[in-house]
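**Q** In our numbering, the protein residues as written are 5 to 389.
For glycine and all other residues, C-beta sits at the position ideal for the given N, C-alpha and C.
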């Protein structure tokens, strides 16, 4: 009897097992997860659209400076022209943030006034009536013009509906047939950001470019990036970098990522330092320059000269004057020594040396005088044209 009960219990347990197993294996319905849709701002979406076209640029250096004096960090060769503040150039006080670009010949300038770009020509010592630049498009707070040596390619900064936020850098070209500029284009990444990016310049002779940005900077500060400009636009390939790396380059998160093996950067930095020393010497020469054109006109800077060839002539003149002064100082020392300290044997040897130096000194004096006449005549002719 007992065995029958046990058998019945076992059979009941066996019959219940498939139902229990089936119950355990029943699929659990998962709650459907809705995808999270992130709304991008217009500027963020534009950045994403531009990302694939990010230019490959080597940034060789960067420096954070006061925004009020940031132009002093631009070490442009004279052949690239000059950049100065509007108020300093026009002796004004009403445009504290506007800049003026003067070409390498000193006879044409581009500048910003009240949020618009203008140009003017130099006629003698007088600038012509400013003419507004036409055809660029619709922009706000237009400023920071720079023109390449071709005289037609214009870079500037402005706010527009096509910008990433703040000031963006744009490029246009002058159309001589219409007398207007072509519709400007945003130069894209990595030069532009959601911050203010501006004062894009190229020193073509030294193969160096600069631009300023206040991205990731505290109030009142600006970062000046020095880079190597490309002859043509080169973008990153998806085979070389993934999207995260390209995004990092586009935002200039680490300039060291653009250096490669470092050889080109070192070579460029050396060239830049040498150019800086030359520029310092040129500015010193300019500060020492005084050149009388006529009774009414006296120049004190290389940028004052109107004749296209006179800038080279004046540079040569300054070097000749320097050599002439050095020779004169050495000649004076020899004469003093000859008169006060030299013995008979030394005097015999020095006579010929002093005589030779005197002849060279007077010949240099004559050469300087002749070059001054050439410069003066060319300048008067240029002024009167």
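For a test of the three-state rule: what should DSSP assign to residue 27, helix, strand or coil?
**A** To locate residue 27, count along the chain shown from 1; it is residue 23. Any answer about residue 27 is weak, because its pLDDT of 49 lies below 50 and its placement is not dependable; what the coordinates show is given next. If DSSP states are grouped into helix, strand and coil, residue 27 belongs with the helices.
**Q** Which residues mark the beginning and the end of the alpha helix (DSSP H) in which residue 92 is found?
**A** The sequence position of residue 92 within the chain shown is 88, counting from 1. Looking at the DSSP string, the run of the alpha helix (DSSP H) that includes residue 92 is 90-93.
**Q** Leaving out five residues on either side along the sequence, give the residues of the same chain with a beta carbon under 7 Å from the beta carbon of residue 275.
**A** Locating residue 275 in the chain shown gives position 271, where the first residue counts as 1. Taking C-beta separations shorter than 7 Å and ignoring five residues to either side along the sequence, the partners of residue 275 in its chain run 210, following chain order.
**Q** So the candidates are 317, 324, 64; which of them puts its Cα closest to the Cα of residue 271?
**A** Here residue 271 refers to the residue found at position 267 of the chain shown. Ranking the options by Cα distance to residue 271, first place goes to 64.
**Q** Which parts of the stretch 65-113 are runs of the beta strand (DSSP E), unbroken and 3 residues or longer, counting only runs that do not cross its ends?
**A** 86-89, 103-106
**Q** Leaving aside the five residues before and after residue 44 along the sequence, list all residues of the same chain whose C-beta is less than 8 Å from its C-beta, in chain order.
**A** Position 40 of the chain shown, counted from the first residue, corresponds to residue 44. So the qualifying residues of the chain are 52.
**Q** If distances are taken between C-alpha atoms only, which option among 364, 204, 67, 253 comes closest to residue 57?
**A** If you number the chain shown from 1, residue 57 lands on position 53. Comparing Cα positions, the closest option is 253.
**Q** Going along the chain, which residues of its own chain have a beta-carbon closer than 8 Å to the beta-carbon of residue 117, five neighbours each way excluded?
**A** The residue you call residue 117 lines up with position 113 of the chain shown. Result list for residue 117: 90, 99, 102, 134, in chain order.
**Q** Applying the 10 Å Cβ sphere with the 16-neighbour rule, what's the burial state of residue 46?
**A** Numbered from 1 along the chain shown, position 42 holds the residue referred to as residue 46. Counting Cβ neighbours within 10 Å, residue 46 comes out exposed, since fewer than 16 surround it.
**Q** Go ahead and pull the three-state DSSP assignment for residue 215.
**A** Within the chain shown, the letter at position 211 stands for residue 215. Correct three-state label for residue 215: strand.
**Q** Measure how close the beta-carbons of residue 59 and residue 192 come, nearest whole angstrom, since I'm counting them as under 8 Å.
**A** Numbered from 1 along the chain shown, position 55 holds the residue referred to as residue 59. Numbered from 1 along the chain shown, position 188 holds the residue referred to as residue 192. About 7 Å separates the two Cβ atoms, so the contact holds.
**Q** Three-state secondary structure (DSSP) at residue 313?
**A** Stepping through the chain shown from its first residue, residue 313 is reached at position 309. Reduced to three states, the DSSP call for residue 313 is coil.
**Q** Return the chain-ordered list of same chain residues with a C-beta closer than 6 Å to the C-beta of residue 170, the five sequence neighbours on each side being excluded.
**A** Locating residue 170 in the chain shown gives position 166, where the first residue counts as 1. Only residues of its own chain outside the window of five on either side were considered, and among them 199, 200 have a CB closer than 6 Å to the CB of residue 170, listed in chain order.
**Q** Looking at the structure shown, is residue 220 part of a helix, part of a strand, or coil, going by DSSP?
**A** Position 216 of the chain shown, counted from the start, is the residue given in the question as residue 220. Reduced to three states, the DSSP call for residue 220 is coil.
**Q** Roughly how far, in whole angstroms, is the beta-carbon of residue 227 from the beta-carbon of residue 68, given that I think they are within contact range, below 8 Å?
**A** As a position in the chain shown, residue 227 is number 223, starting the count at 1. As a position in the chain shown, residue 68 is number 64, starting the count at 1. Yes, residue 227 and residue 68 are in contact; Cβ-Cβ is about 5 Å, under 8 Å.
**Q** Are the stretch 107-114 and the stretch 232-239 touching, with three or more C-beta to C-beta distances below 8 Å?
**A** no
**Q** Taking residue 351 as the reference, give the member of 61, 362, 339 with the closest Cα.
**A** Numbered from 1 along the chain shown, position 347 holds the residue referred to as residue 351. With distances taken between Cα atoms, residue 351 lies closest to 339.
**Q** Compute the Euclidean distance between the alpha carbons of residue 104 and residue 85, then round it to the nearest angstrom.
**A** On the chain shown, position 100 is the one that residue 104 refers to. On the chain shown, position 81 is the one that residue 85 refers to. In this structure, the alpha-carbon of residue 104 lies about 11 Å from that of residue 85.
**Q** Going along the chain, which residues of its own chain have a beta-carbon closer than 6 Å to the beta-carbon of residue 27, five neighbours each way excluded?
**A** Along the chain shown, read from residue 1 onward, the residue named residue 27 stands at position 23. Because residue 27 carries a pLDDT of 49, less than 50, the predicted location of this residue cannot be relied on, and the following value inherits that uncertainty. No residues qualify anywhere along the chain.
**Q** From the DSSP output, read off the bridge partner residues of residue 177.
**A** In the chain shown, the residue the question calls residue 177 occupies position 173. Per DSSP, 157.
**Q** Bridge partners of residue 342, per DSSP?
**A** As a first step, residue 342 is located in the chain shown; it is residue number 338 there, counting from the start. Per DSSP, none; premise fails for residue 342.
**Q** Grab the span of the alpha helix (DSSP H) containing residue 349 for me, first residue to last.
**A** Residue 349 sits at position 345 when you count from the first residue of the chain shown. Residue 349 -> alpha helix (DSSP H) spans 348-388.
**Q** Identify the continuous alpha helix (DSSP H) that holds residue 54 and give its terminal residues.
**A** In the chain shown, residue 54 corresponds to position 50, counting from 1. Residues 46-55.
**Q** Using the DSSP secondary-structure output, state which residues sit across from residue 136 in a beta bridge.
**A** Numbered from 1 along the chain shown, position 132 holds the residue referred to as residue 136. In the DSSP output, where bridge partners are listed per residue, residue 136 has 122.
**Q** Spatial neighbours of residue 159 within its chain, please: CB distance less than 6 Å, with the 5 preceding and 5 following residues excluded, ordered by chain position.
**A** As a first step, residue 159 must be located in the chain shown, where it is residue number 155. Correct list, in chain order: 150, 175, 204.
**Q** For residue 209, does the three-state DSSP call read helix, strand or coil?
**A** Stepping through the chain shown from its first residue, residue 209 is reached at position 205. Note: residue 209 maps to coil in three-state DSSP.
**Q** When DSSP builds the beta bridges, which residues end up paired with residue 144?
**A** For the purposes of this step, residue 144 is taken as the residue at position 140 of the chain shown. The partner list for residue 144 (beta bridge, DSSP) reads 163.
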